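Top to bottom, those sequences are chains L and C.
Taking the working numbering, the leading residue of the first sequence gets 1, the next gets one more, and so forth.
Taking the working numbering, the leading residue of the second sequence gets 1001, the next gets one more, and so forth.
Glycine residues also receive a C-beta, built at the ideal position from the N, C-alpha and C atoms.
All values derive from a computational prediction rather than experimental measurement.
Data block below; observations after.
There are 2 protein chains.
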Amino acid sequence: MDLVHSALQGDRLALARLLTQVENETDEGRAALIRLFPQTGRAHWIGVTGAPGTGKSSLVNQLTLHYRREGRQVAVLAVDPSSPFSGGAILGDRVRMRDLAGDPGVFIRSMASRGSLGGLAQATAAMAQVFDAVGYDILLIETVGAGQGEVDIARLAHTTLVVEAPGLGDDIQAIKAGILEIADILVLNKADRPGVESTERALHSMLSLAHPTRRVVRHHGRWETVNEAALPTSEQMWIPPIQRTVATEGKGIVELIGHIAAHAEHLRRSGEWAARERARLRSEVEALLQKALMARFRAAVPQAKFEAVLQRVHERSLSPWEAVQLLVDGRWG
Amino acid sequence: MDLVHSALQGDRLALARLLTQVENETDEGRAALIRLFPQTGRAHWIGVTGAPGTGKSSLVNQLTLHYRREGRQVAVLAVDPSSPFSGGAILGDRVRMRDLAGDPGVFIRSMASRGSLGGLAQATAAMAQVFDAVGYDILLIETVGAGQGEVDIARLAHTTLVVEAPGLGDDIQAIKAGILEIADILVLNKADRPGVESTERALHSMLSLAHPTRRVVRHHGRWETVNEAALPTSEQMWIPPIQRTVATEGKGIVELIGHIAAHAEHLRRSGEWAARERARLRSEVEALLQKALMARFRAAVPQAKFEAVLQRVHERSLSPWEAVQLLVDGRWG
């Protein structure tokens, strides 16, 4: 039985198995990725990130419903936070996406973090490529939290939604300033709650710091300050809109879908779409290269020799840096 | 002028410069690390981590004051969250540690994240080694947040304090379950606030899941279930205590210092101290090795060839995995 062939024919069980092979980096998974890769590059990858409690899952649910009504094939990749030690996902079996159960145009997959988040970004990219190749044209990548790891995952997407909600404390706002910079669209969810005005004001002021509306450009060989709005559309920067939503009631979703479409249009017009793809593929090659070099090295150096060098570091007769020079130069004997 | 010599003599300006060299991974910094490494291994590395708003900085301040009263030399390494794109620290110039200004037995250093958190853990380890070598015997490593990156940094420490505070939402509690597993001591700060009882109850129940008090052990060749408390002290597991504090008023700090000392004692008695050092040095060697292998590879492969291979990936005529095989095998021509 050929999983790739069956998955391309729309066999969901085959797709699920294939995703597991890819997630576990088996030889079969790797071979499948090589076969599928030429057919990638068609889907719109949309990242949805934000702190716990902002209602990301409901939002992803609503986006999926609306895209389905437009006849799009939607894949959801939910990256759960998990224990770095036990490898188990924390949130457990959430009953979610009930509205979508049984719809053959939707595929939902959860991933648990195991080990490093760097590895998680790699696995997410690989699984996203599978969805892309087998014909899902909308790919929602949902990540929880707002740390560096989540930023790395958000970087995979063409369009990144950062979800906020009213009533989170000032400290939380402060730490989120970093993630604001990766937002293509800001979603102010739970907008029926008290405090929505002040949260929106705070987001606006943070945005205006990050995105000036006047810009210095080179014009006829001279530097001039221009109003962003006076530039031709193709040269305008994208200024992240803030969209209020109440995901549990489906409010603001149509407008949000409009912003997502406008962002895709902006990316294509400005050449940024290709630039983002290029940057993503470059990081993917670099990460795989690093792994391959390490594997080749470990295969060449006898385990006992490697341990003997580590022992000398532990005894502090050799510094870590000296140990590496010795190993790399093959002077471990 | 020899920065290493001057820093070892207690010259603070030389130490500050040396730390900058090490943080920026200059040749001088690397040479200094090699010289200083044999003198490391004496300090107690204490990690202090937790979500924003839990009062970590005040706690670190108080711990420093108390250790100074005991005549210990204290170094504080504060790892700030920062924008992954601009490289600038978010929290800005906090006026902090005022109580400690002018004390020559204290050295405070802030680090900003630049690029990847993996790199940050490496830089933190290197700077911690400098403090260790020049004679600081208490090293407080303060990290903000609770993501994977912070976990990696916490892993550097012998003893990790996880700081909580009453009144954080349920969602936040859920995401923190992961970080509980790295806690050697739980600090419930701001313990004068409402909700302290229920937060402590929640922490207790999470802890009891993670740390059973009955354990299956091999005894006279048979497996038996024993009560943890019945084991000889040297075989007992460490069960993280929960310590209430009000850092701004100095409450609970003496008790917390007692728990930290007890944990160090436990580590030494059980052999865990050496095991943690060994694991840390192993990761450090592996991370440096990965970098060295990549640098050697990039020096061997002409840049134009590398870019040509990437271009084929971008055109999707070559998958990332095939590209890496081609590069590693030297078949890039």
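Closest in C-alpha terms to P1038(C), from the list A1133(C), S1110(C), L1059(C), I1260(C), comes A1133(C). For the pair of segments examined, the segment 1251 to 1266 of chain C was found not to touch the segment 285 to 302 of chain L: the number of CB pairs separated by less than 8 Å stays below three. Among the residues facing chain L, F1107(C) is not included, as its CB has no counterpart in that chain under 9 Å away. The residue from A157(L), D184(L), T159(L), I242(L) with its alpha-carbon nearest to that of T199(L) is I242(L). Shown here for F107(L): same chain residues with a beta carbon closer than 6 Å to its own, the five before and five after excluded, namely A75 in chain order. In the DSSP assignment, V48(L) falls within the beta strand (DSSP E) that extends over 44 to 50. With respect to chain C, the C-beta atom of A292(L) has a partner C-beta closer than 9 Å. In this structure the segment 1308 to 1321 of chain C does not lie against the segment 1183 to 1194 of chain C, because fewer than three pairs of beta carbons, one per stretch, are closer than 8 Å. At a cut-off of 9 Å between beta-carbon atoms, P320(L) makes contact with chain C. Annotated as proximal: V328(L) and L1293(C), with beta-carbon spacing under 9 Å. The segment 1151 to 1158 of chain C and the segment 1121 to 1130 of chain C touch, with no fewer than 3 CB-CB distances between them shorter than 8 Å.
With distances taken between CA atoms, A295(L) lies nearest to Q1290(C) out of R1012(C), V1079(C), Q1290(C), G1195(C).
Between S208(L) and chain C, the shortest Cβ-Cβ separation is not below 9 Å.
Contact annotation, A31(L) with L18(L): C-beta distance approximately 11 Å; criterion of less than 8 Å not satisfied. When the beta-carbon positions are compared, S1110(C) and V1079(C) come within less than 9 Å of each other. In this chain, V1162(C) is not harboured by any alpha helix (DSSP H); it is covered by the beta strand (DSSP E) spanning 1159 to 1164. Per DSSP, the continuous beta strand (DSSP E) segment holding I1185(C) begins and ends at 1185 to 1188. Residues of chain L whose Cβ lies closer than 7 Å to the Cβ of V1048(C) do not exist; the shortest such Cβ separation is about 16 Å.
DSSP places L1140(C) in the strand class (E or B) of the three-state scheme. Under the three-state reduction of DSSP, A78(L) is assigned to strand. The C-beta distance from R1193(C) to P1166(C) rounds to 5 Å, short enough to fall under 8 Å. Under the 10 Å beta carbon count, N61(L) is surrounded by 16 or more other beta carbons and is classified as buried. Taking C-beta atoms as the reference points, V1048(C) and L1180(C) fail to come closer than 9 Å.
With fewer than 16 neighbouring CB atoms inside 10 Å of its own CB, L1013(C) falls in the exposed class. For F1297(C), the nearest beta carbon of chain L is closer than 9 Å to its own beta carbon. A direct Cα-Cα distance of roughly 9 Å separates I1182(C) from T1159(C). Cβ-Cβ distances below 7 Å link G29(L) to Q21, V22 in the same chain, with the five nearest sequence neighbours on each side left out; the list follows chain order. Going by beta carbons, K1305(C) and V1163(C) fall outside the 9 Å limit. Distances from the CA of A43(L) to each of S319(L), A274(L), S317(L), R244(L) were compared; the closest alpha carbon is that of A274(L). Contacts between A1323(C) and chain L, judged by CB atoms closer than 7 Å, involve V285 in chain order.
In chain order, E1164, L1180, L1186, L1188, I1242 place their CB closer than 8 Å to the CB of L1203(C), counting only its own chain and leaving out the 5 sequence neighbours on each side.
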